[in-house]
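Mind the numbering: the sequence shown is residues 3 to 364 in my numbering, read in order.
Using N, Cα and C, we set each Cβ at its ideal position, and we do this for glycine too.
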Amino acid sequence: MQYDNHELKAALNADRTILRASQEVSAEAAYAKLVAETKSVYVGYDAKQKTAYDQTLPAISQEQVRDISIGYGLSQFNLLDKNGNGKLEKSELDARLSDAKAGRNPISGLPPTMEVELLKSLNERRPYLRALHKGGSWWNLNMIDPDEVTKEDLSAASTEVKQLRRIYDNQPLLPGVKPDKDLSTLPQGVPELFEAAGVEVKLTDQPVSKALAHHIDRSFVIAISQALYNPSSKEIVLERRDRTSKARSHEVGHAIDDALVPGAAFFSESAEFAKAVNQDLEAQKGRNIDFEHELPTLHTFVQSALLRGKLNESASKELFAEIYQSGDTNLAEGLRKYFPATGALIDKTLASRGIGRKPQTW
Ligand SMILES: [Zn+2]
């Protein structure tokens, strides 16, 4: 879906909502977070922004819908249980589904588009939710096709969600570190983009590799990182005294690449980006460019990809970040020379979003 800037902000807010909801430890808290965040972002939205937000929310949260539906079922049990028998029958879930589809009796803070997905998930998983609580054979219960789900079934599922959430990797890398509020040194438009998408800059007193050493099992890259952007928690981790380095604007570049597109996707994964890269690679053929000599500070991922004449997903991300960064001018300008179509596409995209490259105050 193509959004204008006004709608993109709302779509990015949906990203942020799902991220924050997914970082809650329980299904109930995740549902409550979703509702609370939605209420707060709706303030000041016009109809177009509400639509963009409502459509993005279920589209980007497919993995979370299952968990959040448990929280929804528990929180809205009395509303769903129309006949008050303490069980949610299929007919009751279906009745609420047609209400949600028609936008009837909306629940404050819960977009009907999202409620539709939550109800579908609950309905599909009825046999499983029953079996989980009964501890019996899934097959036997499934054959009987139990019609209803009880509050106890949902509570049992909620316990399972809590166990799963402990091993999720979207928890913050540095939960105790407050995000840096002073984003004013970032290039033009970037603070606003980060605010909308929920990207946080966290500063450490130690070198980043040291400050994150306890997360080494999450990614080996941490051991050698001077700075880091973690897409699953949307944290940029920088060493405090290192605020002006190339590494800083490189990581900011990764976060922008991520935030330019709602959901988990990056702009550098888009078809238009691949098209520009291929056009540039095609033009390089037969020129025998010695990249090691021409661009000695180029990221090793990109360098080896150029040797092969093909960029994979991580090399594309590095290319975006290296063309974006402004700390190593020789490298950024050199890359633009060899990737003119890619450079132009990045410039055009950033300009259309009002995003600058050069830091505002250094
Ligand atoms: Zn990188």
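What does the Cβ neighbour count give for Gln167, buried or exposed, with the cut at 16 atoms within 10 Å?
Reading off the sequence, residue 167 comes out as Arg, not Gln. Burial call: buried.
Which residues does DSSP list as the beta-bridge partners of Glu241?
Thr206, per the DSSP bridge assignment.
For Ala323, verify whether its CB is less than 6 angstroms away from any heavy atom of ligand 1.
Checking every heavy atom of ligand 1 against the Cβ of Ala323, one is found closer than 6 angstroms.
Using DSSP's beta-bridge definition, name the partner residues of Glu91.
BP columns for Glu91 point to Glu150.
Just to confirm my understanding: we take Ser71, look at its own chain, exclude 5 residues before and 5 after, and list those with CB closer than 7 angstroms. What are they?
Contacts found: Leu120, Ser123, Leu124.
Could you tell me the boundaries of the beta strand (DSSP E) in which Arg230 lies?
In the sequence on display, residue 230 carries Leu and not Arg. From DSSP, the beta strand (DSSP E) with Leu230 extends over 230–232.
If you follow the alpha helix (DSSP H) that Ala276 is part of, which residue opens it and which one closes it?
Its alpha helix (DSSP H) spans residues 273–286.
Any idea what DSSP makes of His252, helix, strand or coil?
Of the three classes helix, strand and coil, the one that applies to His252 here is helix, per DSSP.
Helix or strand or just coil, what does DSSP make of His295?
In this structure, His295 counts as helix in the three-state DSSP scheme.
Excluding the 5 residues flanking Arg68 on each side, which residues of the same chain have their C-beta closer than 8 angstroms to its C-beta?
Ser123, Arg127.
Taking DSSP as the reference, what is the three-state secondary structure of Trp140?
Below a pLDDT of 50, predicted positions are generally treated as unreliable, and Trp140, at 49, falls in that range; no measurement from the model is reported.
Does His217 come out as helix, strand or coil in the three-state DSSP assignment?
Here His217 sits in helix by DSSP.
Ordered along the chain, which non-local residues of its own chain (more than five positions away) have a Cβ less than 8 angstroms from that of Ile357?
Closer than 8 angstroms at the Cβ level, and outside the excluded window around Ile357, lie Pro189, Gln190, Gly191, Val192, Leu195, Ile258.
Hey, would you say the C-beta of Glu320 is under 6 angstroms away from at least one heavy atom of ligand 1?
Indeed, a heavy atom of ligand 1 lies less than 6 angstroms from the Cβ.
Could you tell me the alpha carbon to alpha carbon distance between Ser270 and Ala343, rounded to whole angstroms?
If you take the alpha carbons of Ser270 and Ala343, they lie about 13 angstroms apart.
So, with DSSP's three-state summary, where would you put His301?
Coil at His301, not helix or strand.
With a Cβ-Cβ cutoff of 7 angstroms, do Val210 and Glu237 count as a contact?
No, these two residues do not count as a Cβ contact at 7 angstroms.
Rounding to the nearest angstrom, what Cα-Cα distance links Glu154 and His8 in this structure?
Taking the straight line joining both Cα atoms gives about 44 angstroms.
In the structure shown, what three-state DSSP assignment does Leu313 receive?
Reduced to three states, the DSSP call for Leu313 is coil.
Could you give the DSSP three-state label for Gly345: helix, strand or coil?
Here Gly345 sits in helix by DSSP.
So, is Gln165 buried or exposed, given that buried needs 16 or more other C-beta atoms within 10 angstroms?
It is exposed - the Cβ of Gln165 has fewer than 16 other Cβ atoms within 10 Å.
How would you call Arg355, buried or exposed, if buried means at least 16 neighbouring beta carbons within 10 angstroms?
Buried, since its Cβ has 16 or more Cβ neighbours within 10 Å.
Alpha carbons only, please: which of Ile325, Phe303, Glu324 is nearest the one belonging to Glu315?
When each option's Cα is compared against that of Glu315, the closest is Phe303.
Would you identify the three-state DSSP class for Lys11, choosing helix, strand or coil?
Helix at Lys11.
At 4 residues or longer, what runs of the alpha helix (DSSP H) sit wholly inside the region 49–97?
For the region 49–97, whole alpha helix (DSSP H) runs of length 4 or above, ordered along the chain, are 49–62, 64–77, 79–82.
In whole angstroms, give me the CA-to-CA distance for His295 and Val45.
Taking the straight line from one Cα to the other gives about 54 angstroms.
Please go through the same chain and pick out, in chain order, the residues whose beta-carbon is closer than 6 angstroms to the beta-carbon of Ser251, but skip the five residues on each side of it.
Hits under 6 angstroms: Gln327, Ser328, Gly329.
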